[in-house]
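Chemist: Residue numbers (this note's numbering), protein chains in the order written: chain A, 1 to 310; chain B, 1001 to 1254.
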Amino acid sequence: MTDVLGPRIPDGEIPIVPMRKWGRWVSAGIILLLVIVFVMSMRHAQIAWGDIPKFFTYHTMIVGMYMTVLLAVVCQALGIVLGVIVAIMRRSSNPVIKWSAWFYIYIFRGLPALLQLYIWYNLALAFKTLGIPHLFSVSTNSVMTAFVVGVLGLGLNESAYYAEIVRAGFNSVDHGQIEAASSIGMKPSQAMRRVILPQAMRVIIPPTGNDFINMLKGTSLASVVGFHELILSSTDIYSANFRIMETLMAAALWYMVLVSLASIGQYFIEKKFATDRSDPSSMSMGKTVRRSLSMRGVFHLSERNPGVAL
Amino acid sequence: MSSPLVRALNVHKRFGRLEVLKGINLDVEAGQVVCLLGPSGGGKSTFLRCLNHLEKIDAGSIWVDGVPVGYRLDGGKFHEIRERDVALQRTHIGMVFQRFNLFANRTAIENVMEGPVYVLRQSASAARETAERLLTQVGMMNWADRYPAQLSGGQQQRVAIARSLAMNPKLILFDEPTSALDPELVGEVLSVMRDLAQGGMTMIVVTHEVGFAREVADKAVFMFDGTLVEEGAPAEVFSNPRHERTQQFLSKVL
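1) Count the other C-beta atoms from every protein chain shown that fall within 10 angstroms of the C-beta of B:ARG1090, then say buried if there are 16 or more, exposed otherwise.
2) Consider the Cβ of B:ALA1087: report whether some Cβ of chain A lies at a distance smaller than 8 Å.
3) Interface residues of chain A around B:PHE1207 at Cβ under 8 Å?
4) First and last residue of the beta strand (DSSP E) that includes B:LEU1228?
5) Using a C-beta to C-beta distance shorter than 7 Å, which residues of chain A count as neighbours of B:GLY1016?
6) Is there at least one Cβ from chain B nearer than 8 Å to A:VAL143's Cβ?
7) Kindly say whether B:GLY1115, judged by its beta-carbon, lies nearer than 8 Å to any beta-carbon of chain A.
8) Taking only the alpha-carbon atoms, compute the straight-line gap between A:ILE331 and A:ALA163 and give it to the nearest angstrom.
9) Thinking C-beta only, is A:LEU216 closer than 8 Å to A:LEU156?
10) Report the CB separation of B:ALA1162 from B:VAL1138 in whole angstroms; it is logged as a contact under 8 Å.
11) Are B:CYS1035 and B:VAL1205 close, meaning C-beta to C-beta below 8 Å?
12) If you count every other CB in all the chains shown that lies within 10 Å of the CB of A:VAL138, and 16 or more means buried, which is it?
13) Could you check how far apart the C-beta atoms of A:GLY83 and A:SER183 are, in whole angstroms? I think they sit under 8 Å.
14) Please tell me whether B:TYR1118 has its Cβ less than 8 Å away from any Cβ of chain A.
15) Bridge partners for B:ARG1014 per DSSP, in chain order?
16) Measuring alpha carbon to alpha carbon, tell me which of A:ILE231, A:VAL26, A:MET19 and A:GLY226 ends up nearest A:GLY64.
17) So A:VAL138 is in the beta strand (DSSP E); what residue range does that whole segment cover?
18) What is the rounded straight-line gap between the Cα of B:LEU1120 and the Cα of B:MET1167?
19) Interface residues of chain A around B:MET1203 at Cβ under 7 Å?
20) Evaluate the contact criterion for the segment 108-123 of chain A versus the segment 217-228 of chain A: three or more CB pairs, one atom per stretch, below 8 Å.
21) Under a CB-based cut-off of 8 Å, is B:LEU1054 close to chain A?
22) Quick one: does B:GLU1083 have its CB under 8 Å from some CB of chain A?
23) For chain A, find out if any of its Cβ atoms is closer than 8 Å to the Cβ of B:MET1167; answer yes or no.
24) Alpha carbon to alpha carbon, how far is A:VAL96 from A:MET89?
25) Pull up the distance between the alpha-carbon of B:GLU1230 and that of B:THR1207, whole angstroms please.
26) Check B:ALA1220 in the structure and name its three-state DSSP category.
27) Are the C-beta of A:LYS187 and some C-beta of chain B separated by less than 8 Å?
28) Which residues bound the beta strand (DSSP E) around B:ASP1145?
29) Quick one: is A:VAL39 near chain B, going by C-beta distance under 8 Å?
30) Spell out a yes or no on whether the segment 1217-1228 of chain B and the segment 1027-1043 of chain B are touching, meaning 3 or more CB-CB pairs, one atom from each, closer than 8 Å.
31) Would you tell me roughly how many angstroms separate the C-alpha atoms of A:THR60 and A:PRO206, rounded to the nearest one?
32) Of all the alpha helix (DSSP H) runs that stay within the bounds of the segment 1038-1089 of chain B, which reach a length of 4 or more residues?
33) Just to confirm the assignment, what range does the beta strand (DSSP E) spanning B:GLY1094 have?
34) Under 8 Å by Cβ, that's how I've got A:ALA240 and A:PHE55 pegged, so tell me the actual separation to the nearest angstrom.
35) Quick check on this structure: which residue in A:GLY79, A:ARG194, A:LYS98 and A:ASN210 has the alpha carbon closest to the alpha carbon of A:SER263?
36) Just to confirm, is the Cβ distance from B:LEU1171 to B:THR1130 under 8 Å?
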């Protein structure tokens, strides 16, 4: 019963009963059940799990792993260098340079990487030799090794994507920064190096890590042009021993190792470039986590920066 | 007879079909403080940005210290010059922006050192010495190692003034330097500018701070709709505006 003054307020401390979170228990139960089903079915599967470590460390497998890393690193490096150049060209005031860069991106981003690999691979059908007439020439087939085909096919494709990432980074830098650079007499090239690029890095770095992880897996496409990376090594192994699933599982394990290492690398690079300028949006992951886990983080920050105006 | 430090002759500027400057003439003597006043959209900021060629003019000419800004005079014609050569001209013309525009990735002192080290090719130690002197002058030495995001608007603007001073410019352009500031921070910036004016710096200031203009300016200039309608000593034009539009404007802001 309530009277006109509302419910009667009990005397003394009123205890608070936390809400029961049934959803968590229910979902945990369902997931646990699915895991048990999965593990049971795997035990019945025709896979000799015990053999996987053996294939994992096969010499052919290790070489394939090295080749995967080598191709990914070279392609990504080429993609970054060309991508930055193309992105800078797209900002040029020279319309010819600007639209050439646009067209480059249009072509190399538009065509499937697999198609590009095949075109480089078969280049000799169109051009028997490469070179400058009357100066020098080489046979196309001697130049276009599986590695070179892989680098051109995947690296140029990546450079077109990367140019767009860099362009987004450039666009993220406030125009006032460029005007300020001009006002102290910086040439456009100096402003690019000293002001625009360093500030664009914060936007460019995270997708770079993403791209590299993609590239690690994308190198598998180069198997079709005979480059002995992880996939081609695996098919070589299983066509000799017919342990197809075991070999593929070993390759899968290697991909997970490589991707995990790349993710760790990405985390540290991001942390370095997500330069904490007391701008909360640029905080590193660790700091964000630490800050949300404990209120102490907040006190630390404000102790260090007593004059922060937010 | 010495010519003025800045001379703008019949400056025209249009953005598309909109004519924002309709023939501006203005002389600024060395050591003078000139305040550009008038309603928003009157062309003050555009004119200021033309003075260091951040905006390209469509007709007329702008001369700073006897040199045409953004062009090379040859055979009776103005030839456009490359951006890197305009950059060289700008080293003599400082600019302070409404939004401060400090380099976000550099500390206060690095902002001040950037121009001397990378444009004027001074040694880092010499540039640091100058930067420390200038930061002290604007009262920001205690915040030298802070990043812009860690400073208040007034503090950032004082660092920005130090940054333009570090280039040892012949004149400094101020584009509404206090318009983006909270009211209680306006004073600290105006006081730095007042000291600069007393030190003999040539300053062209776009501002809505009528009090500052009246107190500090040698010349007040009123611009409406892309034309310069009235100019003169502040004491004269503020108390006795001749043009009707100046009278209307002053009755609103005073």
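Cβ coordinates follow ideal geometry from the N, Cα and C atoms, glycine included.
Modeler: So, from the data block:
1) buried
2) yes
3) It should be pointed out that residue 1207 of chain B corresponds to Thr in this sequence rather than to Phe. Chain A residues near B:THR1207: none, gap ~18 Å exceeds 8 Å.
4) 1227-1232
5) By Cβ distance, chain A contributes nothing, its closest Cβ being about 19 Å from B:GLY1016, past 7 Å.
6) no
7) yes
8) Not covered by the structure: residue 331 of chain A. The range shown for chain A is 1 to 310.
9) no
10) 5 Å
11) yes
12) exposed
13) So it is not a contact: roughly 30 Å between Cβ atoms.
14) yes
15) B:GLU1019
16) A:ILE231
17) 136-139
18) 8 Å
19) In chain order: nothing, as chain A lies at least about 15 Å away.
20) yes
21) yes
22) yes
23) yes
24) 10 Å
25) 16 Å
26) strand
27) yes
28) B:ASP1145 -> no beta strand (DSSP E), and no H or E assigned at all.
29) no
30) yes
31) 33 Å
32) 1044-1051
33) 1093-1096
34) That belief does not hold up - the Cβ atoms of A:ALA240 and A:PHE55 are roughly 11 Å apart, past 8 Å.
35) A:ASN210
36) no
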